[in-house]
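What follows is a set of notes on a single structure, which appears directly below.
Protein chains in written order, with our numbering: chain L, 1 to 493; chain P, 1 to 319.
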């Protein structure tokens, strides 16, 4: 084992590996920064290129695209309040406030440092603990997934916004919106009113851009104070002192993110929100979260990147891709004659370790690439608003359209943009709605699976086989009430 | 002056008239072709399509661009192509369950047999019924016997209702008169994981996903689709009494009906050349995918048979 590890270490130290990985990281960052283009698309398009490269060049190249893409998504989230994926929602909230305060560079730096730290720690943890994690992954089935998703929603509702009742209303609205379309299990149409476009449900991207970006764009346009820039300053770089102040939060989020990565089917959105909620709850000034708190960015970014290490485990140890990103990686592995699965470690242990070690190097490289490109990105906010705002509007619409070239999505963008403005005027926080919308479908699916597994006797089945899930289900409301109370006492004191 | 210009114009028009028809035919494709996939990124169709579209430009002298249009279980992308112009520039890369079965379980905004013609079936994958290595069921017959004794008591994980694992399972249940508890998962990967973790007692898989599990001895194959044995000691569906085109996933390229014959011929020729291409064969082999081209008319017959068989199956199950 150690021998293979050392052999792998040597194999990963190659100039061409580093060069292509850098290219992947930079390309991924650019693609991730464009709303509508997902890292997943970029990886699928670039996959055939990896077929013609050496395994130790091609796979790190794809990993680079993936890692770069996740960070790339936080750039428009911070600078123009335009999160392209659910994972960047928590970042956009404090990030854009910091941009308005003239601290966009600090915000981007914090996002970069905490991303790299979260990712690096979870990768190292994964390499060391790969077999225990493989065992743990197997302990989670649909009942556990449902319970954890429910707990997550309760925590989000209890900790976001100043008024938990308003948060709860918005979350229920989000859940209801997620019901529109074809029911994922039975194939029955719900709330579609016979409109074909609604049959596949409301698309996420127009909702994200609509409720988060449009109100901010409108805010800038309607501002009458004569300021011609989003912010006249990009501000200083992040100081070591500021990083250290958030270090505890980063560590906490890394642990949360890694834990969530182990549970199949949860993913980055839940990780970012749980990291954010936990940081807010632990803080002695929770009221600054959402108002431009560097710690908020740190909490969300460290957590959503820490998911990445453990999600590779089922792929490497069982040969089973848990999501689409790992499915593409599986294609890349198989095309190279490496068939991930229980035997891969015995037969090609050194190569697998080389790839895992390349993941670690990718983080270090990315720190450098990101650090050098942030000054360039952060200068975006100094572009005159008369030029920048039309560009941002163009990207909002083009990004929405490019996702699947559907006019209906543009209509949805406008509808959610108006909704976002109304919600802002009524001081309703849109975040719980978006989270309900994103987490509703997987929760419903897991619920349906649980019912199917019970085959008509769900409760009996749960008590016989799934005591863990029952415990979490009972804990969820208790945790919700406790958090709500704590939030109230901290904010009023 | 005017006269001479008119003359020139007439000559030019004459030339154009003489050139146009043949030029238009010879020039397809004169712009990139869009291949719509009605599923999400990273699935097996996506991977197959990436290989096809990275090599076929050699034979079409035009790019073929993949456009993923997931939604409503494949209906979104399918409808888009059904509504597209039948000029050969918008094609659909789909599979038999979306193509032929869905029409009997949902109200579709198109009619697959009326609105599409097949261009090329690129390959197919036969499915296998698998259990964990430590499962009490040593053979397919033992599994059936256990299911007869305890209807609905055996859990089978599959990749989604009316999908590639659900349909063969339903057909087995119908042919053998048994009842399994079918639990849906989001794709074949999670379904396999459910088997390995013990959440499911039995599942199904394609060779491309089963390979590493069989090699490492974590699963046992009880039966494989078709009439030809895939493994020497494992019976086929035909041998265990499940006959017909059951358990095959056909990956097929279709075009809107009314696509000109010349265009179809051009595409057919390109696919015939593609499947002989060494790089294509090597890349598909690496993905553990077969190559078995069937041309449009050949696959149309199979489609019509599928339609009859699927209708019977759906009627039997939903009655």
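For each residue, glycine too, the CB sits at the ideal point set by N, CA and C.
Per the coordinates, the alpha-carbon of residue 292 of chain L lies some 48 Å from the alpha-carbon of residue 84 of chain P. Membership of residue 325 of chain L in the alpha helix (DSSP H) is indicated by the continuous run 324-335.
Residue 186 of chain P and residue 73 of chain P have their alpha carbons spaced roughly 12 Å apart. With fewer than 16 other beta carbons inside 10 angstroms of its own, residue 474 of chain L counts as exposed.
Per DSSP, reduced to three states, the secondary structure at residue 125 of chain P is strand. Distances from the CA of residue 303 of chain P to each of P:238, P:273, P:197 and P:117 were compared; the closest alpha carbon is that of P:117. Excluding the 5 residues flanking it on each side, residue 32 of chain P has same chain C-beta neighbours closer than 6 Å at 62, 63 and 65, in chain order. Under the DSSP assignment, residue 181 of chain P falls in the beta strand (DSSP E) whose first and last residues are 181-184. Proximity of chain P to residue 199 of chain L at the Cβ level (cut-off 8 Å) is accounted for by 71, 72, 75 and 76, in chain order. Residue 197 of chain L carries a helical assignment under DSSP once its states are collapsed to helix, strand and coil. No residue range can be given for residue 239 of chain L, since it is assigned to no alpha helix (DSSP H) and is classified by DSSP as neither H nor E.
Taking 7 Å as the threshold, the shortest C-beta distance from residue 51 of chain L to chain P falls below it. The residues 227, in chain order, have a CB closer than 6 Å to that of residue 238 of chain P in the same chain once the five nearest residues on each side in sequence are set aside. Note on residue 3 of chain L: under 16 other CB atoms within 10 angstroms of its CB, so exposed under the neighbour-count rule. Residue 214 of chain L sits close to residue 417 of chain L, with the two beta carbons spaced by under 7 Å.
At a C-beta separation below 9 Å, residue 341 of chain L has these neighbours in chain P: 211, 212, 213, 215, 216 and 218. When secondary structure is reduced to three states using DSSP, residue 239 of chain P falls in the coil class, being assigned neither helix nor strand. With respect to the C-alpha of residue 429 of chain L, the residue from L:9, L:156 and L:52 having the closest C-alpha is L:156. Here residue 258 of chain L really is in contact with residue 310 of chain L; their C-beta atoms are around 6 Å apart, less than 8 Å. For residue 54 of chain P, the nearest beta carbon of chain L is closer than 7 Å to its own beta carbon. Taking the Cβ atoms as the reference, residue 51 of chain L lies roughly 6 Å from residue 283 of chain P, within the contact range of under 8 Å.
In the three-state DSSP reduction, residue 383 of chain L falls in the coil class, being neither helix nor strand. Contact between residue 237 of chain L and residue 105 of chain L is confirmed by a C-beta separation of about 6 Å, below the 8 Å threshold.
Distances from the alpha-carbon of residue 6 of chain L to those of L:61, L:352 and L:422 put L:352 closest. Between residue 31 of chain L and chain P, the shortest Cβ-Cβ separation is not below 7 Å.
Residue burial annotation: residue 95 of chain P is buried, with at least 16 other C-beta atoms found within 10 angstroms of its C-beta.
In the displayed model, residue 85 of chain L falls within coil according to three-state DSSP, outside both helix and strand.
Bridge partners of residue 189 of chain L according to DSSP: L:182.
The beta carbons of residue 123 of chain P and residue 292 of chain P sit closer together than 7 Å.
Of the candidates L:175, L:54, L:113 and L:137, the residue whose Cα lies closest to the Cα of residue 432 of chain L is L:175. Around the beta carbon of residue 55 of chain P, 16 or more other beta carbons sit within 10 angstroms, so the residue counts as buried.
Rounded to whole angstroms, the gap between the alpha carbons of residue 203 of chain P and residue 131 of chain P is 7 Å.
The straight-line gap separating the alpha-carbon atoms of residue 125 of chain L and residue 335 of chain L is approximately 28 Å. Closest in C-alpha terms to residue 81 of chain L, from the list L:456, L:91 and L:364, comes L:91.
With a cut-off of 8 Å on Cβ pairs, the segment 169-176 of chain P is in contact with the segment 229-246 of chain P, counting three or more such pairs. A check of alpha carbon separations from residue 91 of chain P across P:98, P:101, P:102 and P:78 identifies P:78 as the nearest.
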